[in-house]
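Q: Starting off with a structure, shown below.
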Amino acid sequence: MPLYEICHSTPLTPAQKSHLAQSITRLHSTTFHTPSLFVNVRFTAPEPVGDYFVAGKPMQPTSPNRVIATVRTGGGRTKEAFDEVAKKIQGFWDDVVVNADGAKGNDVRRHRKLHFIVFTGMLAVVENGVVIPGAGEEGSWLKNNMAYFKEQAEVGNDEHFKDMLKEIEEREDLKSMIL
Numbered sequence: 001m002p003l004y005e006i007c008h009s010t011p012l013t014p015a016q017k018s019h020l021a022q023s024i025t026r027l028h029s030t031t032f033h034t035p036s037l038f039v040n041v042r043f044t045a046p047e048p049v050g051d052y053f054v055a056g057k058p059m060q061p062t063s064p065n066r067v068i069a070t071v072r073t074g075g076g077r078t079k080e081a082f083d084e085v086a087k088k089i090q091g092f093w094d095d096v097v098v099n100a101d102g103a104k105g106n107d108v109r110r111h112r113k114l115h116f117i118v119f120t121g122m123l124a125v126v127e128n129g130v131v132i133p134g135a136g137e138e139g140s141w142l143k144n145n146m147a148y149f150k151e152q153a154e155v156g157n158d159e160h161f162k163d164m165l166k167e168i169e170e171r172e173d174l175k176s177m178i179l
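The opening position of the sequence shown corresponds to residue 1 in the UniProt record's numbering, with each subsequent residue numbered one higher.
Listed below in structure tokens is the structure:
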């Protein structure tokens, strides 16, 4: 459902990427009652030096680190809710990247900082073979697609769908939507 694109000029280790992806997935899925299977996190390389401008000037020596999230809006998802999610993502970044290895010095911290987190709305999506619901319609969507999810897990032997069905059983917020 959401796509969080993390464009980073600061080199990230596989462990840092994994930690950020897991933290963002857990945060989004529990805040907005979404199965983890439908939370996407992608890491991308920055633009070449001189191709990103702030205040009309090229960023030097590298492009800024940033998160661009395409999400479902409406259905009770307020600006304040997304502001809180952004603050928590900022905290994850600071813990995992800015303060990694006891980083000291303004130059190191400035290079590692997260320049911005932006949320943009999505109009329509088909993901994993199903039309994604509008925000706030997750319960009926889960119920209406449960047979498909089970078929993918059992007949298709899809580990991602098996994990999702297990997650639905374990998470009270998701389980209550299908009862």
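We treat Cβ as the ideally placed atom computed from N, Cα and C, and that holds for glycine.
Expressed to the nearest angstrom, what Euclidean distance is found between the alpha-carbon atoms of SER9 and ALA147?
A: Each residue's Cα considered, the two are about 43 angstroms apart.
Q: Are ILE68 and GLU167 closer than 8 angstroms when you measure CB to CB?
A: Taking 8 angstroms as the Cβ cut-off, ILE68 and GLU167 do not qualify as a contacting pair.
Q: Determine the direct distance from the alpha carbon of PHE82 to that of VAL108, and round the result to whole angstroms.
A: So the two alpha carbons sit approximately 28 angstroms from each other.
Q: Once the 5 residues before and after ILE178 are set aside, which same chain residues still bring their CB inside 6 angstroms of it?
A: Same-chain partners within the cutoff: LEU142, LYS143.
Q: For TYR52 and THR73, what's the separation of their Cα atoms in angstroms?
A: Rounded to the nearest angstrom, the two C-alpha atoms are 28 angstroms apart.
Q: Apart from the five residues just before and just after THR25, which ones in its own chain have a Cβ nearer than 6 angstroms to its Cβ?
A: Counting only Cβ-Cβ distances below 6 angstroms, and skipping sequence neighbours, we find SER36, VAL39.
Q: Give me the DSSP bridge partner(s) of GLU137.
A: For GLU137, which the question treats as bridged, DSSP gives no partner whatsoever.
Q: Count the other CB atoms within 10 Å of the CB of PHE119; is the residue buried (16 or more) or exposed (fewer)?
A: Classification of PHE119: buried, given that the 10 Å Cβ count is 16 or more.
Q: Within 8 angstroms, do at least three Cβ pairs link the segment 19 to 33 to the segment 86 to 105?
A: Touching, yes, given that three or more Cβ pairs across the two stretches are closer than 8 angstroms.
Q: Starting from the C-beta of ARG112, find all residues in its chain whose C-beta is less than 6 angstroms away, skip the five residues before and the five after it, and write them out in chain order.
A: Here the set comprises THR10, VAL97, VAL98.
Q: At 3 residues or longer, and completely inside the UniProt domain "Tautomerase cis-CaaD-like" (1 to 145): list those beta strand (DSSP E) runs for me, N to C.
A: Runs found: 3 to 7, 40 to 44, 65 to 71, 114 to 121.
Q: Could you tell me whether the Cβ atoms of PRO2 and HIS33 are closer together than 8 angstroms?
A: Contact: no.
Q: Do GLU137 and GLY75 count as a contact pair if the criterion is CB distance below 8 angstroms?
A: Yes, they are a contact pair.
Q: Please classify ASP173: does DSSP put it in a helix, a strand, or coil?
A: In this structure, ASP173 counts as helix in the three-state DSSP scheme.
Q: How about ASN144: is its C-beta nearer than 8 angstroms to some C-beta of chain C?
A: No chain C is part of this structure, which consists of one protein chain only.
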